[in-house]
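> Below are the structure tokens for one structure; questions will follow.
Protein chains: 2
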Amino acid sequence: MAKTAQNPVKSAETTFEVLDALKDLDGAGVTELAQHLDIPKSTVHNYLSTLEQEEYVVNRDGVYEVGLRFLELGAYARHREKLFEIAKPEVDRLAEETGELANILVEEHGRGSYLYRARGDKAVQVKAHVGTRVPLHTTALGKAILAHMSTERVDAIVDRHGLGGEASNSISNRAELEQALADVRERGVAFDDEERLEGLRCVAAPVLNHDDEIIGAISVSGPTNRFRGDRFREELPQKVLEVANVIELNVTYS
Amino acid sequence: MAKTAQNPVKSAETTFEVLDALKDLDGAGVTELAQHLDIPKSTVHNYLSTLEQEEYVVNRDGVYEVGLRFLELGAYARHREKLFEIAKPEVDRLAEETGELANILVEEHGRGSYLYRARGDKAVQVKAHVGTRVPLHTTALGKAILAHMSTERVDAIVDRHGLGGEASNSISNRAELEQALADVRERGVAFDDEERLEGLRCVAAPVLNHDDEIIGAISVSGPTNRFRGDRFREELPQKVLEVANVIELNVTYS
DNA sequence: CGCTCTGTCCCAGATGTTTGAACAACTGTT
DNA sequence: AACAGTTGTTCAAACATCTGGGACAGAGCG
Chain A
1 MAKTAQNPVK SAETTFEVLD ALKDLDGAGV TELAQHLDIP KSTVHNYLST LEQEEYVVNR
61 DGVYEVGLRF LELGAYARHR EKLFEIAKPE VDRLAEETGE LANILVEEHG RGSYLYRARG
121 DKAVQVKAHV GTRVPLHTTA LGKAILAHMS TERVDAIVDR HGLGGEASNS ISNRAELEQA
181 LADVRERGVA FDDEERLEGL RCVAAPVLNH DDEIIGAISV SGPTNRFRGD RFREELPQKV
241 LEVANVIELN VTYS
Chain B
1001 MAKTAQNPVK SAETTFEVLD ALKDLDGAGV TELAQHLDIP KSTVHNYLST LEQEEYVVNR
1061 DGVYEVGLRF LELGAYARHR EKLFEIAKPE VDRLAEETGE LANILVEEHG RGSYLYRARG
1121 DKAVQVKAHV GTRVPLHTTA LGKAILAHMS TERVDAIVDR HGLGGEASNS ISNRAELEQA
1181 LADVRERGVA FDDEERLEGL RCVAAPVLNH DDEIIGAISV SGPTNRFRGD RFREELPQKV
1241 LEVANVIELN VTYS
């Protein structure tokens, strides 16, 4: 699965290294970037000026920054996902009715990408924004997705990305993961009990197409003090499942 | 302004040509892309496999598609714009209160990029999504922005992109543009009377920072049959201006 | 089964990329 | 006002890399 290109175009790799660095540094000058990447500054300058010419990067008085043209590509990529178009209004409703933060996640390259995030009136402030990529096994959303993949696919993903945990409660070996996924299949929903972010709980449900293939997952997340007891174990799971079912119906007839 | 790189990295250019083609074709195979770009398919294959390895492109049973990693970069680029963070809730409110489509636009590389778009309950369906780039002189939003730029900057933009109109009512020479911009400055708001899209009208207001520099514009747009008479000339302009003023206040104190 | 599509691989030649060094343009300090 | 220490930018030679034709395997189809 983790294919490595036989004949990679190194300049293309470098191009994205430059862009990634620009993102990590939150904008930077030529010299700073060159030091960060350990590449001669004339080389960095060549890339930056090319990227600027192509309008993928913008130079704001001496500081190069990631340009909005990526928003064009990104919005397009999201628009192309059937799930987004169909699930968005339902997830908006989910956020409104629960007052919490509601999410849509899909798998790509073995990781989870947040497609959308709707805020209810009491929604927690989470730093991660749309587009953020997370390891699948560390979130309820990801577990909901993994639970409905073939064993081979799960194996491939674990082989590629490992099971490195971000917090204490995390899953750390394959047996634990399998147990967790069995739980998810049995209950129909996945839980996240402060596994990725402290104080944050989450309830997620998978979204399957008419061929029972997993196409993504939706969730609500919120603070532990509001996510407890019956609300956490009964009320919210039921709600999330109901919304997931509506989405599945709409996916089938479209 | 239209700087051309002295020592451009051609492979970087090609990389984005490939991505652009992938977008235009809405996903494609190696051969199809090669024909479209008039490049040998082995070369295209090198780029695609590199892009896939870097996770910027995804291969769904034989068809390469633009990947969600661009959503990561795009969402980041948008998040970096102060205007987006501040204006979003206000524009949401604008959409809700008017029931129409409300927008945020900023200038980049002499063109307009839609940062955000909020839908009221009666909002028209417009194909353009977030990230779409438009010539500034063809929209109310763009005119609101141009009206508050220095003459030199306007000249530079016109030199670079011309005044090619997309529809009949469009501005087609520099004198007409200057007249239109003077109008905008006088009234405080800009109008679009089916200039870009038939049957669609638009009211836009500029957003300035504390130094009176233009940082973007907001608008409401809707069908001609709802945008007429007092509502089009008085009510909506006042509303949009009010929201723009609130945003300006928040921009200043942040 | 054979035909025609794919996508993938390989390697030599041509081309583009890399690189340090030199330069110009700023910034802030003395 | 001159200076030292920045920065971004340019250039051309050396060489690493990309290009591109051709060959190959596999899928799909009649």
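Which chain is which? The protein sequence lines are A and B, in order. Just so you know, we're using my numbering here: the first sequence kicks off at 1 and counts up by one. Just so you know, we're using my numbering here: the second sequence kicks off at 1001 and counts up by one. Note that CB positions come from ideal geometry on N, CA and C, so glycine has one too.
Hey, does Lys1082(B) have any beta-carbon neighbour from chain A nearer than 9 Å?
Cβ-Cβ to chain A under 9 Å: no for Lys1082(B).
> Considering only C-alpha positions, which residue in the set Val1207(B), Glu1178(B), Thr1050(B), Lys1003(B) is nearest to Ala5(A)?
The option with the nearest alpha carbon to Ala5(A) is Thr1050(B).
> Could you tell me whether any Cβ in chain B is nearer than 9 Å to the Cβ of Met1(A)?
For Met1(A), the predicted model reports a pLDDT of 49, less than 50, meaning its position is unreliable and no value from the coordinates is stated.
> With 16 other CB atoms within 10 Å as the buried threshold, where does Lys1127(B) fall?
Burial call: exposed.
> Starting from Gly74(A) and walking both ways along the alpha helix (DSSP H), at which residues does that stretch end?
Segment 69-80, the alpha helix (DSSP H) holding Gly74(A).
> If you draw a straight line from the alpha carbon of Ser221(A) to that of Arg196(A), how long is it in whole angstroms?
Using only the alpha carbons, I get a separation of about 12 Å.
> Find the residues of chain A that neighbour His1036(B), judging by a C-beta separation of less than 8 Å, and give them in chain order.
The premise fails here: His1036(B) is roughly 17 Å from chain A at the closest Cβ pair, so nothing lies under 8 Å.
> Can you tell me which of the three DSSP states Ser150(A) falls into?
Coil.
> Kindly indicate if chain A contains any beta-carbon less than 9 Å away from that of Ala1156(B).
So no, Ala1156(B) is outside the interface.
> Is Gln125(A) close to chain B, meaning its C-beta is less than 9 Å from at least one C-beta of that chain?
Chain B contact via Cβ: absent.
> Would Tyr116(A) be called buried (16 or more neighbouring beta carbons within 10 Å of its own) or exposed?
With 16 or more other Cβ atoms within 10 Å, it is buried.
> Cβ of His161(A) less than 9 Å from any chain B Cβ?
Closer than 9 Å: no.
> Does chain B have any CB closer than 9 Å to the CB of Pro237(A)?
Chain B contact via Cβ: absent.
> Nearest chain A C-beta to Ala1147(B) closer than 9 Å, yes or no?
It does not; no Cβ of chain A falls within 9 Å.
> Suppose the cutoff is 8 Å on Cβ atoms and the five residues either side in sequence are ignored; what does the same chain contact list for Leu240(A) look like?
Note that residue 240(A) is Val in the sequence shown here, rather than Leu. Excluding positions up to five away in sequence, the list reads Leu94, Val189, Val203, Ala204, Ala205, Ile218, Ser219, Val220.
> Using DSSP's beta-bridge definition, name the partner residues of Pro1206(B).
Looking at the DSSP assignment, Pro1206(B) forms a beta bridge with Ala1217(B).
> Quick one: which chain B residues come within Cβ less than 7 Å of Pro135(A)?
Those do not exist, as Pro135(A) stays about 14 Å from chain B at its closest Cβ, beyond 7 Å.
> Just verifying my parser: in three-state terms, what is the DSSP assignment at Ala1118(B)?
In the structure shown, Ala1118(B) sits in a strand (DSSP, three-state: E or B).
> Using only the alpha-carbon positions, how far apart do Gly1229(B) and Ala1144(B) sit?
In a straight line, the C-alpha of Gly1229(B) is about 21 Å away from that of Ala1144(B).
> Counting only Cβ-Cβ distances shorter than 7 Å, please list the residues of the stretch 1034-1059 of chain B near chain A, keeping chain order.
Residues Asn1046, Tyr1047, Ser1049, Thr1050, Leu1051, Glu1052, Gln1053, Glu1054, Glu1055, Tyr1056, Val1058.
> Go to Ala1190(B), then tell me how far its beta strand (DSSP E) extends in each direction, as first and last residue.
Unbroken beta strand (DSSP E) run through Ala1190(B): 1190-1193.
> Starting from Tyr1064(B), follow the beta strand (DSSP E) in both directions and report where the run begins and ends.
From DSSP, the beta strand (DSSP E) with Tyr1064(B) extends over 1063-1066.
> Against chain B, does Lys23(A) count as a neighbour if the rule is that its beta carbon must be under 9 Å from one of theirs?
Judged by the 9 Å Cβ criterion, Lys23(A) is in contact with chain B.
> Exposed or buried, what is Thr1014(B) when buried is set at 16 or more other beta-carbons lying within 10 Å of its beta-carbon?
Buried, since its Cβ has 16 or more Cβ neighbours within 10 Å.
> Between Asp1212(B) and Ile39(A), what straight-line distance do the alpha-carbon atoms span, to the nearest angstrom?
The alpha-carbon atoms of Asp1212(B) and Ile39(A) are separated by roughly 40 Å.
> Would you list the one or two residues that DSSP bridges to Pro8(A)?
Per DSSP, none; premise fails for Pro8(A).
> To the nearest angstrom, report how far apart Val1134(B) and Tyr1114(B) are at their CA atoms.
Cα to Cα, Val1134(B) sits roughly 8 Å from Tyr1114(B).
> Helix, strand or coil for Gly1027(B), going by three-state DSSP, please let me know.
In this structure, Gly1027(B) counts as coil in the three-state DSSP scheme.
> Chain A beta carbons: is any one of them nearer than 9 Å to that of Glu1152(B)?
It does not; no Cβ of chain A falls within 9 Å.
> Only counting the same chain, and skipping five residues up and downstream in sequence, which positions put a Cβ closer than 7 Å to that of Glu1081(B)?
Val1106, Leu1115, listed in sequence order.
> So, for Leu1181(B): in the same chain, excluding its five sequence neighbours on each side, which residues have a beta-carbon less than 8 Å away from its beta-carbon?
Cβ neighbours of Leu1181(B) beyond the five flanking positions: Lys1143, Leu1146, Ala1147, Val1154.
> Tell me which residues share the same chain as Glu65(A) and place their Cβ nearer than 6 Å to its Cβ, disregarding the 5 neighbours each side in the sequence.
Excluding sequence neighbours, Glu65(A) sits near Gly27, Val58.
> Which whole-angstrom value describes the C-beta separation of Glu1054(B) and Phe16(A), a residue pair presumed to lie in contact below a C-beta threshold of 8 Å?
Correct: roughly 5 Å between the Cβ atoms.
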